[in-house]
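Protein chains in written order, with the numbering used here: chain R, 961 to 1259; chain E, 65 to 448; chain P, 108 to 715.
C-beta atoms are modelled at their ideal positions from N, C-alpha and C, and glycine is treated no differently.
In this text, all values refer to a predicted model and were calculated from it rather than measured experimentally.
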Amino acid sequence: MQRTIQIPRSIMTDEELLQPGMASCQGCGASLAMKLALKGLGKRTVVVFPACCWAVFVGSYPYSSLQVPVIHCPFETAAVVASGVYAGLECRGEKDVVVMAWAGDGGTFDIGIQSLSGVAERNENIVFVCYDNEAYMNTGIQRSSATPVGAWTTTTPAGSIKKEPKKDIEKIMLGHHIPYMATASIAYPDDMYGKFKKVRNIVGTKFIHVLSPCPPGWRIDPAKTVQIARKATQCKVFPIYEVENGKHQINIHPESDIGVKEYVQTQGRFRHMSEEMVSALQESVDRKWEDLLKKGNET
Amino acid sequence: MKQVIKGNHAVSQAVKLSRVEVISAFPITPQTSIVEELSEMCANGDLDAKFIKVESEHSAMAALVGASTAGVRTFTATSGNGLLLMHEVLHWAAGARLPIVLANVNRAVSGVWNIWADQTDSLSQRDTGWIQIYCESNQEVLDSVIVAFKLAEKVSLPVMISYDAFFLSHTSEIVDVPDIERVDKFLPHYTPEVKPDFSDPRMFGGFVDTDYFYEHRYAMHKASLDALEYYPEVCKEFKHMFGRDYDIVEEYRTEDAEVIVVAAGTITSLARIAIDGMREQGKKIGLMKLRMLRPVPVQRWQKVLDKARKVIVIDRNISAGSGGVFSSEIQAALYSLEHRPVVYPVIAGIGGRDITAADVEGIVSYALSNDKRTYLPLCWGLKQ
Amino acid sequence: MPVKKRSELAKEYDFKAWRDLTPMNVSVGTMLHNMTGSWRFIKPIYEDKVPACQNACPAGNDIEGWIKLVRRGEYERAYWHLKREQPFPTILGRVCFKFCEDACNRVFLDDSVGIKQLECFVGDQVSPSTPHPDLPEDNGKSLAVVGSGPAGMSAAYYGKLLGFRVTIFEGLSEMGGILRMGIPNYRLPRDVVAAEFQGLKNMGIELQANTAVGKDISLNELCKDYDYIFLATGAHASSKLKLEGEDESHRIMSGLALLNRVALGGEVDLGNKVLVIGGGNTAIDASRTAIRLGCHVTVIYRRSESEMLAHPEEVQEARKEGVQFRFLASPEGIELNDDGTISKLVCCEMKLGPADESGRRRPVKKHGTLFDVGADSILTAIGEVPTLDYLNSLVRTEKGIITVNEGLKVDVDNDGKAGIVAGGDIIGIPHTVIHAVASGKKAAIAMDCARKGVDFAQVLEEIAIGDGPAISFSKYMGWEPVNPVRQNNRVVVDSEKIVYDYFKKVRQVEHKMQAADLRKSSFEAYSSSFSEDEAQHEAARCMQCGRCTECDNCLIFCPDISVLVKGNGHFGYSIDYDYCKGCGICFTECPRHAMTMIDEELAIGEEG
């Protein structure tokens, strides 16, 4: 039996909230991520963009490629501006509305982490999505705390490849006791669609971490964007799971045991990665997976 | 109803009367009691507002950018370093043409800490595009906040109301607190021209390239200049309803003055006392109370100050390497006059150091004793 | 289909003065004016290709096409679609070597798709007597088919579809050639064969049994009476062991002779212990027939099991039924008793040397390893060759088979008008039913090209499937494929091109057959065909390699919303080339390689 992706065709062909003409790169993982997210969220969504790739390619004045209200905000303030928008809409009596902050890894892990932490601790009723392309891509591929160990960026060039491991934003967000934290990937669109649909009905801060491969930044063929995202999950480098009110559940169980080496060799940015770094990555991936399995069983 | 209240309390009363819908603030001395009072009002239902208790001032202003764009009336209060932390977002709020009102308690800025009265904080933000008003008394503070909403919503620019730390924030004065029904008549519900609408979705604040950014900025500049017209109109309306008269500037005994003292904030109260004293001595001294700094009321200033031969500007602030900000603004504004008075820039009261009426008298005497035109200020009261 | 192009909705704005700017700097338009399609240097198109199974089938059976129709529940349409490339599903669905299943891409996931079983199911859905929907007008030419085996049947069938007036001449009393006389009833019931001939008759094909060409009627006569002749007399003469005594015992016969006798209902007494010499299908058929006659059977084969030409499944079934195997042994001499019964067979042990021209390792005698085997009967099944004496001088042969050119045309000196074509086991093609059927199809097209004066070699190029040598009758006739999508009949989708991540493991529906101990005493068919449920389940396993199934992957994964559903009852998708950036994600994520990336400069017609 074929596993076709379980998103009803009517959802894909109904009113399109994202129009083409965006200035995104060929094969951009982030534009695909937004397309899928909006399918789940629906029309009554306000999107808040800090500085990031999306803020630029969505369109310049007076054009917008989105068919939902969009509010731009300063780089580090995506979460709190979104919470302000929600507060305002609530005062206006608007019901059944989702305000979504859509930030890159810079606007989530680094410069944006303070306002994100504040919003999460206050459990403000917004969805915060980090579309993670693992570097400051908009400004030309500089390292962020989301850049994985072994990756080349312009600020971790050959000879000075990033040796620090990727910051665990998922654990950080869970430390805020928010009602919903999940990872999602463009390679698993039905899972992603389901999650975005789900968060419409959860009150409180929802955090979704989406893996969003970037062809120029990861040094990959644009045609392979989805394939590599899938590989990340198959190699357990990016596990797909969700935590609802503290209960962990792994959503995608990779069907076979593939080492991280199979993942890193698909991308030019890992070309300078040493054996030790690969082992370190494998170890941290294994540890995280064991931890998830354990937590998943506890529920 | 007349009450004896502190300056901070006047602010919170004004916020309640203005039926603000979303508040976002972070405590900083000496603004904290505003935050506390507003918290209580929201908690006990006196004020039907959402109060986002953010984790920094930067987030406070950002939250209001979001809420104001969503189309509701918004407010925050801060002071000193808190205002500085908001800096990027202050620019953003004005560029986004959001009618946010901010009450700023004028407090010294750090490196090295000082929590007392100093105007450097708000003045360092004068290029952000915010309209700026300076207050002398708690009554003025209360009234100015209410008027600020009306003005902001009229010209679509944010407004900052500043007043001295401790001298007003923590000092009780008699304040006539108006009835909310009357305020409702003066200040109706905020109905923005554009707001997020799912049936007509738009993008707010997107990328503007070289084709249109200049015009965008010009529109802001024009809107600010328009405030010079609207503000007196709004104040007239306020006077009609509440009996209190406000304007871009306030003149005191300037009709025949040969020397005019220019000051903003509580210094003006002391100046009045000093001037009365000097008038009794036969000296022709007057006072121009500087209320509006942005937009720069060039015509109004010129009109008042043209009468005098000497203009003394007392700055409770210092821009290192330059001098007082008010004096540089005044000097620039007077430059196009054919017969420019001599301007005496004076710095006093930095970091909350007390200024007395005697100080003002001394400053005036200093000005009377020489005719030297200078840019760099006299630092009155400096330990040297 | 009148859909407003999105680029037509694009509007550009040009604000002349600062006061024209919108309040709060809000947007007024979409980005549709930014036609990102101009960035491309390659572009995607929808293009169906040849699945590995169809490529492996000698007849180019459009397996995916009819399986797709089975899935839709359109059994009758599936039946007629199948018959376009392979006319006898009831037969091949029972006896085919299933090259398709060996090549099936699903093998790398779990099991192959049970294509043969499904074909049997489809074949059984429609009676062969049902009027054929594709019968054309008479083309005014006649075709004589000599031999009623699978090659002849196929040439007759396709000849009829091309408008020829067709007569099949069969020397024996029963029609079917090897199907009736060689393959045992338990593998291919005779009523199934008979039903297919009824079908051919219903198409208007004349059947003349008991008419041996070269005996009852001469080839010369046929050449005068017919415009075209297809020679398909098969290979029914068993090769000799070339051992002394081989022809001197009534207990030594060819395996084929045994099968013939049983096929005609004759009595046979093989005694108790039977030796079968050989490793091909005839050897296995003979052994399993002998088992059913109550004998103990041992197959003696000079190579090892993996080199046997018989289908491994046949060998397994034989084994289960009790057939013994002695590998790496070859007969050296026969010792007979005075009364003609067999005393013993002397064999020599063999070992495998280097490969011969067939690619298999040549067996070499191991010196001094002779051994005796007792037997009541010996059946020889070491290969069959054609009998061509009916041809006389008319037709040239070489090494026992007819030489034909690429167009299967036979070089003839004949004073008749006929063009002679040959196919099946009498030309140098593998001796399987499906190869015979394929050659009959090819011959029919060759004759039609000759009739039309069209260059057959050129046509072969145009209708070739995959790597060849299979050809598409549908393409020759201009019949539409199941998918109304651009077709590329030369590119084969092998396992490397399938994205296995999109398929879940599901084992093949079990082939139900009677237990060996029960079936070995009967000549009745012992395996049951699929039920409709099973057929649906198995058909659903087909990954539909190279053929669009509207799975929506491309629609879902396009980052630029440039894949659109055609809608309005139309099949498939269109690419909005105004915006498509040519990233290739749709192409990569198509589970079955039904898209192609082509150079941007290539014009492809109205749309992808």
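query                                                                                                                                                   : result
What does DSSP give as the partner residues of P:Asp155 in its beta bridges?                                                                            : P:Gln594
Hey, is R:Ile965's beta-carbon within less than 7 Å of any beta-carbon in chain P?                                                                      : yes
For the pair the segment 321 to 329 of chain E and the segment 366 to 376 of chain E, tell me if three or more CB-CB distances fall below 8 Å.          : yes
Which residue spans inside the segment 313 to 374 of chain P form an unbroken alpha helix (DSSP H) run of at least 4?                                   : 326 to 332, 362 to 370
Output, in chain order, the set of chain P residues within a Cβ distance shorter than 9 Å of R:Gly1019.                                                 : Ser134, Gly136, Thr137, Met138, Asn141
Answer yes or no: does any C-beta atom of chain E fall closer than 7 Å to that of P:Leu116?                                                             : no
Does the beta carbon of R:His1032 sit closer than 7 Å to a beta carbon anywhere in chain E?                                                             : yes
So, does the CB of R:Ala932 fall closer than 7 Å to a CB anywhere in chain E?                                                                           : Residue coverage of chain R in this structure runs from 961 to 1259, which leaves residue 932 of chain R outside it and unanswerable.
Against R:Ser1025, what residues of chain P qualify as contacts under a CB-to-CB distance less than 7 Å, listed in chain order?                         : Thr137, Met138
What in chain R is Cβ-close to E:Tyr276, meaning under 7 Å?                                                                                             : Tyr1021
Can you grab the Cα-Cα spacing for the pair P:Phe94 / R:Leu978, in whole Å?                                                                             : Here chain P covers residues 108 to 715 and nothing more, so residue 94 of chain P does not appear.
Since R:Gln1074 meets chain E, which of its residues come closer than 9 Å, beta carbon to beta carbon?                                                  : Glu119, Ser120, His122, Ser123
Measure from the alpha carbon of E:Ser392 to the alpha carbon of each residue in E:Met342, E:Ser400, E:Val407, then state which is nearest.             : E:Val407
Based on the DSSP output, what are the partners of P:Glu491 in its beta bridges?                                                                        : P:Ser345
Quick one: give me the first and last residue of the beta strand (DSSP E) that E:Leu357 is part of.                                                     : 356 to 358
Would you please state the rounded distance, in angstroms, between the beta carbons of R:Lys1191 and R:Tyr1140? I believe it to be under 8 Å.           : Between R:Tyr1140 and R:Lys1191 the Cβ distance is about 26 Å, and since that is not below 8 Å, they are no contact.
Roughly how many whole angstroms lie between the Cα atoms of P:Met457 and P:Phe434?                                                                     : 8 Å
May I have the straight-line CA-CA distance separating R:Met961 from P:Gln643, to the nearest angstrom?                                                 : With a pLDDT of only 43 at R:Met961, under 50, the local geometry of the prediction cannot be trusted, and no value is derived from it.
Inspect the beta-carbon positions of E:Gln189 and E:Leu154 and report whether they are closer than 7 Å.                                                 : yes
What does the Cβ neighbour count give for E:Thr255, buried or exposed, with the cut at 16 atoms within 10 Å?                                            : exposed
Hey, which unbroken runs of the alpha helix (DSSP H) at 4 residues or more fall wholly within the segment 418 to 443 of chain E?                        : 421 to 432
Figure out for me which residue from P:Leu366, P:Leu625, P:Gln423, P:Gly401 has the closest Cα to the Cα of P:Val381.                                   : P:Gly401
In this structure, how does DSSP classify R:Ala1118 when only helix, strand and coil are distinguished?                                                 : coil
Less than 6 Å separating the Cβ of E:Phe230 from some heavy atom of the ligand FMN?                                                                     : In the structure on display, the ligand FMN does not appear, and there are no ligands present to speak of.
Considering only residues of the same chain and omitting the five flanking positions on each side of P:His418, which have a CB-CB separation below 6 Å? : Phe204
DSSP has P:Leu452 in a bridge; who is on the other side?                                                                                                : P:Ile441, P:Val480
Quick check on DSSP: helix, strand or coil for E:Leu446?                                                                                                : coil
Since E:Lys114 meets chain R, which of its residues come closer than 7 Å, beta carbon to beta carbon?                                                   : Ala1047, Glu1050, Cys1051
Residues of chain R with CB under 9 Å from E:Asp191, in chain order?                                                                                    : Simply none; closest approach about 17 Å.
For E:Arg267, go through chain P and note every residue whose CB falls closer than 7 Å to its CB, in chain order.                                       : The question names Arg, yet the displayed sequence has Met at residue 267 of chain E. In chain order: Val133, Ser134.
Could one say the Cβ of R:Gly1206 lies closer than 7 Å to chain P's Cβ atoms, at least one of them?                                                     : no
Just the chain P side, please: which residues come within less than 9 Å of E:Glu279 by C-beta, in chain order?                                          : Phe122, Ala124, Trp125, Arg126, Asp127, Leu128
At a cut of 8 Å, does the segment 113 to 131 of chain P reach the segment 558 to 568 of chain P through at least three beta carbon pairs?               : no
Can you grab the Cα-Cα spacing for the pair E:Arg317 / E:Gly426, in whole Å?                                                                            : 19 Å
Taking E:Gln183 as the reference, give the member of E:Asp191, E:Ala172, E:Val241 with the closest Cα.                                                  : E:Ala172
Just how far apart, CA to CA, sit E:Val75 and R:Ala1063?                                                                                                : 36 Å
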